[in-house]
Structures are given as C-alpha cells and as structure tokens.
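To start, the structure under review is shown below, and the notes come after it.
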Amino acid sequence: MRVCITIGLACMAAGVLFAQSGGPGPSTAGSTSVKRVALSIPDETSPPGGIVQLKFMVTEPTPISTGKPISSYDDSTFDGVWGIELFNPTADVNGVAMIRANWVRMQYVTSSGTQGTDYPIMTMALHVRPDAVPGTQTQFSLDPSSTWTLGLLGTTTLKPMAPATIKVGGSISITNVVPGGGVLPVGSLVRILGMGFQPRSQVQLNAIKFSSIRIVSSSEIDFTLAQDTNMTGQKIQVVNPDGSQDTYFSYLRGIPMGQSDQPLLTGTLPIFSSMVHSMAVFSPVAPAYASQFMGVAMQNPNTSDVQVTVALHSSANSLMGSSTTTLPAGNRLMRAISELTQGAAPTFGSYVTVTASHPIQVFGFLGDNAAGTVTPFCAAVTQP
C-alpha cells in the first residue's frame, strides 16, 4: 500500500497571509515560459528499524519562493515520518507539516531561493519498519502534479526525475544528532545516535572542528566541539569497515512540550527557521472567520532553559492577557494564542508580543478548522 504525502512548503508576512487565506491566487502552472524545477533524491540504504533521511537536492539553481511538492511512501517498508527539515542560505524559512495517519502537508515561503547542488533544500526522515525484510527495495519520488512558485515568474512544475531507490539492508543508520541545531559553544558534547556503529567505524564531520571523538557503543558516537559551531545543516557521515555508510544533515528535532487543546494541532509538526529572536511581534492576529484561530510556535535551541512571555495587546496597546512559560532546552511548543494569554482571544487590530530571556526560534500561524489547514507566517517585527 502507498501512503500519500502532500507537501506545500510556507512562511508569510501576516498581512499577506490573511489576504490569501480565502483561496488560491493566480496560477501559471501550464506555462512553458516559466523555468521548471529540477530536483533529485539520492538512493538510500538502511537496515530494519533504521532511519532513511531522504535528501531533496536542487540540480539547477532556481529562485523558488513557495512550493507544493506531493509524494507518497510505501507503508509496507516504512511506519512513519520521524522528522522534516527545510534549509536555505539565509535560514529565513519556517514551515508547518500536518502529519496524519497517512499524509503530510506543509507550507513555506522564502525570499532567498534555494541551496546549491551539494546541499538539500529539504530532508525527510522515514523510519524503516522493524519487520522490514532485508533485500526489499522500494522507490520514492515526487508526483508530477507538484508545483512551485518562482517569485514574479509565476507557478511552475517539476522536471521529470528518476525515483530514488531505497533498499532495506546494510549495517548502519544515523537516526538523530543531539543537539542537532543551533549555535553550540566550544566544548559542547554532541551525540550521533543510530545503530550498527562499530569500533573501527570512520566518522567524517566535514566542516565541524572537533577536539575529541569517541565511539561509545553500537548506537552512539560522541564528539566535542573545538569552537563555537552552528549545528544546523551540518553534514555528518559514518562509514563501517564493510563499506556500509550513512550520511545525515543535522537539525534540532525538538521535543514537544505538552499538547494543545486544539484538535487541529494534534499531529502537526512545526518546522523552525534557524534564525533566533529575543523579541517578536505578530500583527494583526485577529482571524477573519469563526472557524479560524491564531497561534504561536516556539522552540528553544539553547543549552539551558528559557523564560518566554507571550502577551496579547489591543489596538489601543492595552494588555488583554499574558503568561510566562519555562521552555526547557531542546523543547518546542505550538499553541493557540488564547492558550497562552489566560483565555484572552484576539480582536480586530490586536497584536502579540513574544519575549524570551535568551533568543529562541518562533513563528506565528493561522489555524482553520473548516479547511483543516495550518499556515505559518513570520513576525512583523523582531529583535535578535
């Protein structure tokens, strides 16, 4: 059986978001004058119970501003999506992935285009079923109906691409890197987690400068940073003596802190820009329809806890409600605004401020219960 994944990648300015929330804008999807998007997904191998990190590579530089790729995965080989990350040169991209039993849908917009051919614009971590049979092969590709927007050039589609072949086998898999994102100070300990590591495994850390490295067990390799390092997007490779190898691009896979009271947010995964802010203002925040609600997603990439205050203000700048939350290191939360402001609901012209004792990752979003969608948007004003 094949499971459908719909991915519409987004981070919009709030005013633009509301203007577009009633329906899609103009499209030139059928136009032959717009350059088509050229992507490739390399083949992967992973043992049962391991992780396949699919890497979406741009093979021709293309000024992608928004997108909606669509794909499917074979649920006789995989039992779930364990993580998704978006990358771009200036890190000005936030996204939301709505993960349900058999589909995923995301939204994203960026102003800085794509990465080069040796760096993925997106990764998706699929967990190989523990009962998958070694030697089994499956394919993964993007559906031809996938679309992207190239700024003022309009909407375009995907160039024909060969599917990635994924084989169940080998002896090694990197499942996570902890901490995998954010700027870590010199002397920080970073753990490569996985399976099948051996005493003679070779570790290639590429651009990472380290002072020591140690193979702890078959499921863990530790290294110590020799200088302050931004771990987001770092390329890490482990090779076993038998030739089995795995390559992983690191990011912070945040630990969810509790759960929202909004059913729509159940199974919704926020995908954070690596840009951090000590203060962010979101305006306006009043939903246009009764089925909609506004919210905020936050993640702490620091190595210590952070105090975060969320406050709702009226158009006359009066305080309507607020709360202060301790966000532990490596944790994330995603809530409707009313859940963070003592029940106060946004009104016309109101705005939200988020202040943190140390810079955090944060973006706003619009939830629509009628449409079944969650759409992210960027802060109107920020401070580092």
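Count the sequence shown with mature numbering (1 follows the signal peptide of the UniProt record, and there is no 0) and you get residues -19 to -1, 1 to 365, in order. The beta-carbon is built from N, C-alpha and C at its ideal position, and this holds for glycine as well. Treat the numbers as computed from the prediction; the structure is a model and nothing was measured.
- Message: To the nearest angstrom, how far is the alpha carbon of Q118 from that of T146?
- Response: Position 137 of the sequence shown, counting from 1, holds the residue named residue 118. Position 165 of the sequence shown, counting from 1, holds the residue named residue 146. Answer to the nearest angstrom: the Cα atoms are 7 Å apart.
- Query: In three-state terms, what does DSSP make of P5?
  - Reply: Counting from one through the sequence shown, the residue named residue 5 turns up at place 24. At P5 the pLDDT is 36, less than 50, meaning the model places this residue with poor confidence and gives no usable figure here.
- Cα-Cα separation between T58 and M79, rounded to whole angstroms: For the purposes of this step, residue 58 is identified with residue 77 of the sequence shown, where counting begins at 1. For the purposes of this step, residue 79 is identified with residue 98 of the sequence shown, where counting begins at 1. Whole-angstrom Cα-Cα distance: 21 Å.
- Backbone CA spacing between residue 366 and G353 [nearest angstrom]: No answer is possible for residue 366: the residues shown for the chain start at -19 and end at 365.
- Distance between beta carbons of V184 and V219, contact taken as under 8 Å: For this step, residue 219 is matched to residue 238 along the sequence shown. For this step, residue 184 is matched to residue 203 along the sequence shown. Yes, V219 and V184 are in contact; Cβ-Cβ is about 5 Å, under 8 Å.
- Task: Over the uninterrupted alpha helix (DSSP H) stretch that includes S225, give me the two end residues.
- Result: For the purposes of this step, residue 225 is identified with residue 244 of the sequence shown, where counting begins at 1. Taken as a continuous stretch (DSSP letters only), S225 belongs to no alpha helix (DSSP H), as it is neither H nor E.
- Message: If contacts are defined as beta-carbon pairs under 8 Å, then Y332 and F263 qualify, I think. What distance do you get, rounded to the angstrom?
- Response: For the purposes of this step, residue 332 is taken as the residue at position 351 of the sequence shown. For the purposes of this step, residue 263 is taken as the residue at position 282 of the sequence shown. That belief holds up - the Cβ atoms of Y332 and F263 are roughly 6 Å apart, short of 8 Å.
- Item | Which residues DSSP lists as bridging Q364, in chain order | Position 383 of the sequence shown, counted from the start, is the residue given in the question as residue 364. BP columns for Q364 point to M260.
- Item | Nearest residue (CA-CA) to S21, options P141, L245, I318, K190 | Residue mapping note: residue 21 aligns to position 40 of the sequence shown, counting from 1. Among P141, L245, I318, K190, the Cα nearest to that of S21 belongs to P141.
- Message: I'd like to confirm the pairing. Which residues does DSSP put opposite H108 in its beta bridges?
- Response: Taking the sequence shown and counting its residues from 1, one reaches residue 108 at position 127. DSSP lists I32 as partners of H108.
- Provide the residue(s) that pair with I196 in DSSP beta bridges, ordered along the chain. The sequence position of residue 196 within the sequence shown is 215, counting from 1. Beta-bridge pairing links I196 to I202.
- Item | Residues near residue 379 in its chain [Cβ-Cβ closer than 8 Å; skip 5 each side] | The requested residue 379 is not part of the displayed model; the chain covers only -19 to 365.
- Message: Closer than 8 Å to a non-hydrogen atom of the ligand SAH - does that hold for the CB of L314?
- Response: The ligand SAH is absent from the structure shown, which contains no ligand whatsoever.
- Task: List in chain order: all unbroken alpha helix (DSSP H) runs of 4+ residues lying wholly within the stretch 264 to 340.
- Result: Those alpha helix (DSSP H) runs which fall completely within the stretch 264 to 340 and span 4+ residues are 318 to 321.
- In this structure, what does DSSP give as the bridge partners for E25? Locating residue 25 in the sequence shown gives position 44, counting from the first residue. In the DSSP assignment, E25 forms a beta bridge with I147.
- Does DSSP classify P244 as helix, strand or coil? What you label residue 244 is simply residue 263 of the sequence shown in a count that begins at 1. Helix at P244.
- Message: According to DSSP, is L139 part of a helix, a strand, or is it coil?
- Response: Indexing the sequence shown from 1 puts residue 139 at position 158. L139 carries a strand assignment under DSSP once its states are collapsed to helix, strand and coil.
- For R316 and G116, the rounded distance between their alpha carbons: By one-based count along the sequence shown, residue 116 stands at place 135. By one-based count along the sequence shown, residue 316 stands at place 335. Rounded to whole angstroms, the gap between the alpha carbons of G116 and R316 is 43 Å.
- Task: Mark S8 as exposed unless 16 or more other C-beta atoms lie within 10 angstroms of its C-beta, in which case mark it buried.
- Result: Taking the sequence shown and counting its residues from 1, the one referred to as residue 8 is at position 27. At S8, the pLDDT of 41 sits below 50, so the modelled position is not reliable and the matter cannot be decided from this model.
- Classify G61 as helix, strand or coil using the three-state DSSP reduction. Here residue 61 is taken as the residue at index 80 of the sequence shown, counted from 1. DSSP places G61 in strand when its eight states are reduced to three.
- N-terminal and C-terminal residue of the beta strand (DSSP E) that G76 is part of: Looking up residue 76 in the sequence shown gives position 95. 76 to 80 is the extent of the beta strand (DSSP E) around G76.
- Query: According to the neighbour-count rule (16 or more other Cβ atoms, all chains shown, within 10 Å of its Cβ), is D209 buried or exposed?
  - Reply: The residue you call residue 209 lines up with position 228 of the sequence shown. Of the other Cβ atoms in all chains shown, fewer than 16 fall within 10 Å of the Cβ of D209; this residue is therefore exposed.
- Task: Return the chain-ordered list of same chain residues with a C-beta closer than 8 Å to the C-beta of V266, the five sequence neighbours on each side being excluded.
- Result: Counting from 1 along the sequence shown, the entry for residue 266 is found at position 285. For V266, where only same-chain residues beyond five positions count, the Cβ hits under 8 Å are A(-6), M275, L293, I318, P327, S331, Y332, V333, G345.
- Query: Excluding the five sequence neighbours on either side, which residues of its own chain have a C-beta within less than 6 Å of the C-beta of M256, listed in chain order?
  - Reply: Taking the sequence shown and counting its residues from 1, one reaches residue 256 at position 275. Taken in chain order, the residues that qualify are A72.
- Helix, strand or coil at L134 according to DSSP, with G and I counted as helix: In the sequence shown, the residue the question calls residue 134 occupies position 153. Helix, per DSSP.
- With a threshold of 16 other CB atoms inside 10 Å of the CB of I45, please say whether the residue is buried or exposed. As a position in the sequence shown, residue 45 is number 64, starting the count at 1. Around the beta carbon of I45, 16 or more other beta carbons sit within 10 angstroms, so the residue counts as buried.
- Hey, Y232 and G214: beta-carbon distance below 9 Å or not? Within the sequence shown, residue 232 is the residue found at index 251, counting from 1. Within the sequence shown, residue 214 is the residue found at index 233, counting from 1. It is a contact, given that the beta carbons lie within the stated cut-off.
- Using three-state DSSP, classify V114 as helix, strand or coil. In the sequence shown, counting from the first residue as 1, residue 114 sits at position 133. In the structure shown, the three-state DSSP call for V114 is coil.
- Query: How far does the beta strand (DSSP E) with F358 in it reach, from first residue to last?
  - Reply: In the sequence shown, the residue the question calls residue 358 occupies position 377. Looking at the DSSP string, the run of the beta strand (DSSP E) that includes F358 is 354 to 359.
- Query: How should F68 be labelled, buried or exposed, when 16 other C-beta atoms within 10 angstroms of its C-beta is the threshold for buried?
  - Reply: Here residue 68 refers to the residue found at position 87 when the sequence shown is read from its first residue. F68 comes out buried.
- What whole-angstrom Cβ distance do M105 and V62 have, given they're in contact under 8 Å? Taking the sequence shown and counting its residues from 1, one reaches residue 105 at position 124. Taking the sequence shown and counting its residues from 1, one reaches residue 62 at position 81. Yes, M105 and V62 are in contact; Cβ-Cβ is about 6 Å, under 8 Å.
- Message: Checking the sheet assignment: what are the DSSP bridge partners for T71?
- Response: What you label residue 71 is simply residue 90 of the sequence shown in a count that begins at 1. Per the DSSP secondary-structure output, T71 pairs with nothing in a beta bridge.
- Residue from F358, T284, S295, A351 with nearest C-alpha to I341: The count along the sequence shown starts at 1 and reaches residue 341 at position 360. Out of F358, T284, S295, A351, T284 has the C-alpha closest to the C-alpha of I341.
- Query: Taking V109 as the reference, which of S27, V287, P357, S127 has the closest Cα?
  - Reply: The sequence position of residue 109 within the sequence shown is 128, counting from 1. Per the Cα distances, S27.
- Message: At the level of alpha carbons, what is the spacing between M103 and G311?
- Response: Residue mapping note: residue 103 aligns to position 122 of the sequence shown, counting from 1. Residue mapping note: residue 311 aligns to position 330 of the sequence shown, counting from 1. The alpha-carbon atoms of M103 and G311 are separated by roughly 21 Å.
- Item | Per DSSP, the bridge partner or partners of G48 | Indexing the sequence shown from 1 puts residue 48 at position 67. DSSP output for G48 lists W129 as bridge partner(s).
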